Structures are given as C-alpha cells and as structure tokens.
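Here's the structure, in structure tokens; my notes come after.
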Amino acid sequence: MYGILDCNSFYASCERVFKPHLIDKPIVVLSNNDGCVIARSEEAKDFVPMGAEAFKYENVFKENAIHVFSSNYSLYGDLSTRVMSILSKFSPDIEIYSIDEAFFKLDHVKEDEIADYILIIKNTIEKWVGIPVSIGVAPTKSLSKVANKIAKKYFEKTHGIYVITNEEQRVKALKWTKVENVWGIGRRISKQLKLQQIYSAYNFTMLSDDYVRKKFSVVGLRLKQDLLGEPIIGFEAVKNKQHIATTRTFEKSLKEYEPIKERLATFANACAEKLRIQHSECMCLYVFLKTSSYSKVQRNVGVVIHLPYATNSSFIICKYAVKGLNQLFLKGYNYKKTGVIVMGLKPESQHQFSIFEDEKPKHKVLMNVIDGFNLKCGTSKIKIANQDFKTWKMKQDYLSPRYTTAIDEIIEIKCN
DNA sequence: TCTGGGGTCCTAGGACCC
DNA sequence: TCTGGGGTCCTAGGACCC
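Per my numbering: the first sequence = residues 46 to 461.
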C-alpha cells in the first residue's frame with residue numbers, strides 16, 4: 046500500500062505555527078516580489094483565486110480581513126524538513142515529492158491497522174510541528190492521491206485520513222473524482238477527454254488501452270493501469286537534477302547594463318553553488334533576458350553557450366554567463382527578468398579532462414574553501430567580484446520572521 | 001508601477017551510421 | 001513502376017507536476 050502525506054495549505058499553515066491567533070482566519074501567501082497569490086488558507090479560498098495578482102486584490106484583502114504574507118522560504122523549507130523527518134520515523138521508505146508532499150510505503154503495517162497507524166502519523170506531525178496534514182492510502186500512487194483528496198474534502202467524516210482497500214471503494218472513489226482532478230491529467234488532456242464525454246476518473250479507466258495509448262502516449266496508459274489498481278507508477282529514487290535554474294523577476298525594471306550584469310552574475314554563482322552541492326558539472330548554459338510580458342515593447346531573448354569543458358566553478362560559469370548577456374543586451378528596453386539555466390549535467394566524478402587542462406578540475410580547491418566558509422559563516426559572505434556588496438532586496442512587504450533558522454529572529458515570549 | 005520559480009518525462013523528426 | 005532494414009543521438013516542443 047502507498048500513502049501520500051500532504052500538508053494542508055502548507056505556506057499558510059507555516060505562518061500560523063508562530064501566530065496561532067491566525068488559526069481560522071483567512072491567509073494568503075504571495076510569490077517573490079509580492080507578485081501573486083501562491084497559497085491560500087481554506088478561509089481565503091472563497092475570496093481569492095490561485096495566482097491572483099496582489100495589486101489587483103488589495104481591496105479584497107482589506108474588505109475580508111485577509112492576512113497577507115510575503116513568502117518566507119527559510120521558514121517553509123525548515124518546517125518541511127521537520128515534517129519529512131517525522132514521517133520517515135514511521136516508514137522506512139519515503140519519497141519526498143515536493144515541499145509539502147511525500148509518498149511512503151506501508152508494507153510493514155497490517156492492512157486492518159493502516160487507518161489507526163496513519164492517524165498516529167497525522168497526530169504526531171500536528172503535535173510536534175504544528176502543521177495540519179491529510180493522508181491518503183491506496184494500492185497505487187495515483188489512487189493514494191485520490192484518497193488524499195477525499196480525506197481533505199470530507200474532513201468532518203474522515204478526520205483527514207482515507208484508505209482505499211477494496212474494489213468497491215476504488216470504483217466509488219474514481220466515480221467521485223472529476224477527470225481534471227486526476228494526478229497527471231492537466232488542462233489540455235482533460236479538455237480533450239471532456240469532448241469525448243469523459244467526465245470522471247472512472248470513465249477514463251474504462252477507455253480502451255489502444256485509445257489511451259494512441260491519444261495520450263504511454264504516460265496516459267500507465268496512469269490508466271495505475272488507477273485500475275495495478276501499481277505501475279513506482280517510487281522514484283532521489284536523483285541528481287538534470288538541469289538547474291536560477292531566475293528572478295526584478296522588483297523594478299532595469300534599463301542599464303551594469304545592474305543586469307550584477308544580477309546575472311549572482312544567478313550564475315547560485316547555479317554553480319547548486320551544482321557543487323549535488324557534485325555535478327555542467328557542459329552548457331542557457332542565459333535569457335526579457336522585458337515584462339505585460340509591457341508594450343517586448344524583447345525576449347536567450348542564448349545557449351557551450352563550455353569548452355565541464356565545470357562547476359563559479360568563476361567560469363559566471364564569465365560565460367556574462368558573455369551570453371553581452372550577446373543579448375541591447376540598450377533601450379526596460380528589462381524585467383533574467384536568469385541562468387545550467388544544462389548537460391555530469392557527475393563531478395566522471396570529469397572528462399582535456400589536453401590543455403591541469404590534473405585538477407579548475408578552481409576546485411578554491412570553490413571548496415569558499416563553500417566551506419559560506420556554510421560556516423553565512424550565505425554569500427564570500428562573493429565573486431562581479432557581484433555587488435549590497436544585497437538586492439526583492440519586494441517583501443509582509444515578511445514574517447525566520448523563527449526557526451535565524452537566531453536573531455527567534456520568537457520572543459513575554460512573561461509577567 | 002504592480003503579474004514566482006522551479007522541475008520531469010515523452011514524442012516526433014532530422015541527421016547521422018552500417 | 002520499381003528504390004531495404006535496421007540502428008543511434010540530438011533537439012524542439014508539448015504535456016504534466018508542485
């Protein structure tokens with residue numbers, strides 16, 4: 046049996062952990078630069094759609110006494126780690142699927158004890174971390190997702206947990222599930238399915254293999270079989286990333302070359318650091334530069350740069366990223382976003398030397414020292430010279446403290 | 001003035017090999 | 001009129017996820 050644990054309104058719940066007076070109050074959390082809504086508590090869902098532009102909804106926030114937060118990834122990341130580590134005490138086999146979700150196996154639990162067991166998991170996490178969660182269990186991953194939806198939807202009845210064990214429950218659950226809510230069926234495919242009068246997940250599983258295969262490829266076919274109760278979608282091992290991106294929208298648009306170069310250098314450096322964390326090197330970079338997609342005058346350009354040898358040196362990646370920018374930058378535009386994506390990743394251990402290279406990959410020792418120092422003394426204490434001394438602030442007008450990861454932002458308790 | 005930021009997998013088609 | 005039968009690798013684009 047597969048379980049999926051999903052934190053309820055995760056970012057909003059994180060904000061509540063240290064502000065318990067917000068329990069039962071509507072909360073929204075905004076994206077970087079306070080751009081749009083990326084998380085809503087249950088209470089806020091009726092007033093604000095997902096992705097709503099913050100500046101358009103200011104009045105809605107006020108009128109409905111909605112508490113607004115800038116995203117605080119230090120806090121969410123740390124609380125996520127705590128949730129996952131508790132879950133891993135209850136199951137030897139977990140697959141962290143996203144910041145707020147994890148699949149886990151329950152082979153070690155007898156079938157008739159599963160419901161009790163997952164209730165203990167749920168209660169423990171709520172008690173130890175303070176994050177409410179929902180858990181669905183079923184014979185396959187895609188069915189566990191369905192079970193999870195039921196657990197959330199009928200909270201009063203299910204207390205946030207639901208188990209699909211037999212065929213009757215499976216069919217009932219799939220008949221209840223709208224086809225567009227199936228994990229793996231997105232907007233395009235659900236639209237096509239509805240044109241064929243396929244409205245429920247159950248209808249989808251009744252289509253012929255041939256038709257599904259032809260129309261939606263092996264991906265669709267695997268999903269169908271998984272929904273039928275045959276575990277086809279397996280556990281994913283933790284793998285190194287195949288590409289790594291660092292991209293940001295600027296708070297205000299930038300016209301001049303220098304500040305954009307600084308941003309890009311910082312992003313290139315960040316990519317290099319991420320590469321070193323997973324012990325990979327990259328063979329090429331993609332650099333892009335764009336104006337706001339809402340502005341009248343558009344410039345939206347990118348370039349792939351092949352490196353002479355695989356590297357994860359901040360200096361080299363940065364140097365080539367700036368070379369890319371030099372090809373892309375034209376004066377006279379209001380640029381709003383730039384970014385670097387490193388691609389063609391290879392394990393460091395399989396470094397292919399070239400005839401002109403030293404016996405050690407470039408800057409390896411130096412990068413080790415820099416990473417070690419930054420780890421010990423704080424991120425970005427050592428930067429490269431293309432970067433500014435100052436920290437670029439994004440718009441974060443509603444940022445809560447990093448209660449659990451910064452000692453000077455730790456919660457204060459006033460005692461009489 | 002204001003509109004995140006990451007990822008994955010699959011397929012078709014082109015270019016090449018024998 | 002007719003023109004085989006395998007392969008591989010790479011890329012762009014489309015679909016999906018959070």
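Note that beta-carbon positions come from the ideal geometry of N, C-alpha and C, so glycine has one too. Only a predicted model underlies this, so the values are computations on that prediction, with no experimental measurement involved.
Sequence-distant residues of the same chain with beta carbon closer than 8 angstroms to residue i, five excluded per side
{"i": "residue 308", "result": "293, 295, 299, 383, 437"}
{"i": "residue 156", "result": "46, 210"}
{"i": "residue 269", "result": "249, 250, 252, 254, 257"}
{"i": "residue 150", "result": "46, 47, 48, 136, 137, 138, 139, 280"}
{"i": "residue 69", "result": "88"}
Distance CB(residue i)-CB(residue j) smaller than 8 angstroms
{"i": "residue 163", "j": "residue 170", "result": "no"}
{"i": "residue 99", "j": "residue 82", "result": "yes"}
{"i": "residue 23", "j": "residue 223", "result": "There is simply no residue 23 to check, as the chain begins at 46 and stops at 461 in what is shown."}
{"i": "residue 385", "j": "residue 320", "result": "no"}
{"i": "residue 442", "j": "residue 79", "result": "yes"}
{"i": "residue 390", "j": "residue 327", "result": "yes"}
{"i": "residue 350", "j": "residue 367", "result": "no"}
{"i": "residue 197", "j": "residue 179", "result": "yes"}
{"i": "residue 379", "j": "residue 340", "result": "yes"}
{"i": "residue 188", "j": "residue 272", "result": "yes"}
{"i": "residue 173", "j": "residue 144", "result": "no"}
As assigned by DSSP and simplified to three states, the class of residue i
{"i": "residue 335", "result": "strand"}
{"i": "residue 311", "result": "helix"}
{"i": "residue 300", "result": "coil"}
{"i": "residue 103", "result": "helix"}
{"i": "residue 234", "result": "helix"}
{"i": "residue 65", "result": "helix"}
{"i": "residue 244", "result": "coil"}
{"i": "residue 93", "result": "coil"}
{"i": "residue 328", "result": "strand"}
{"i": "residue 150", "result": "strand"}
{"i": "residue 48", "result": "strand"}
{"i": "residue 59", "result": "helix"}
{"i": "residue 54", "result": "coil"}
{"i": "residue 168", "result": "helix"}
{"i": "residue 322", "result": "helix"}
{"i": "residue 179", "result": "strand"}
{"i": "residue 460", "result": "coil"}
{"i": "residue 120", "result": "helix"}
{"i": "residue 465", "result": "Residue 465 lies beyond the range of the chain shown here (46 to 461); nothing can be said about it."}
6 angstroms Cβ shell around residue i - same chain, five flanking residues per side excluded
{"i": "residue 345", "result": "335"}
{"i": "residue 302", "result": "374"}
Residues near residue i by beta carbon distance below 7 angstroms, same chain, minus five either side
{"i": "residue 456", "result": "63, 448"}
{"i": "residue 140", "result": "147, 148, 280, 281"}
{"i": "residue 360", "result": "408, 429"}
{"i": "residue 355", "result": "326, 327, 328, 391, 396, 397"}
{"i": "residue 316", "result": "289, 291, 362, 385, 387"}
{"i": "residue 261", "result": "234"}
{"i": "residue 266", "result": "254, 257, 258"}
{"i": "residue 54", "result": "84, 85, 86, 87"}
CA-to-CA distance, residue j to residue i, given in whole angstroms
{"i": "residue 246", "j": "residue 430", "result": "55 angstroms"}
{"i": "residue 199", "j": "residue 107", "result": "30 angstroms"}
{"i": "residue 241", "j": "residue 278", "result": "26 angstroms"}
{"i": "residue 220", "j": "residue 195", "result": "12 angstroms"}
{"i": "residue 65", "j": "residue 94", "result": "24 angstroms"}
{"i": "residue 133", "j": "residue 186", "result": "18 angstroms"}
{"i": "residue 312", "j": "residue 120", "result": "22 angstroms"}
{"i": "residue 118", "j": "residue 193", "result": "25 angstroms"}
{"i": "residue 286", "j": "residue 460", "result": "48 angstroms"}
{"i": "residue 183", "j": "residue 60", "result": "31 angstroms"}
{"i": "residue 275", "j": "residue 215", "result": "12 angstroms"}
{"i": "residue 152", "j": "residue 67", "result": "38 angstroms"}
{"i": "residue 364", "j": "residue 306", "result": "11 angstroms"}
{"i": "residue 425", "j": "residue 432", "result": "10 angstroms"}
{"i": "residue 72", "j": "residue 399", "result": "55 angstroms"}
Problem set entry | In chain order, each alpha helix (DSSP H) run of at least 4 residues that lies wholly inside the stretch 182-231 | Correct list: 186-198, 200-203, 212-221.
Exercise. Taking the runs of the alpha helix (DSSP H) that are 4 residues or longer, which of them lie wholly in the stretch 358-429?
Worked result: Those alpha helix (DSSP H) runs which fall completely within the stretch 358-429 and span 4+ residues are 359-373, 409-422.
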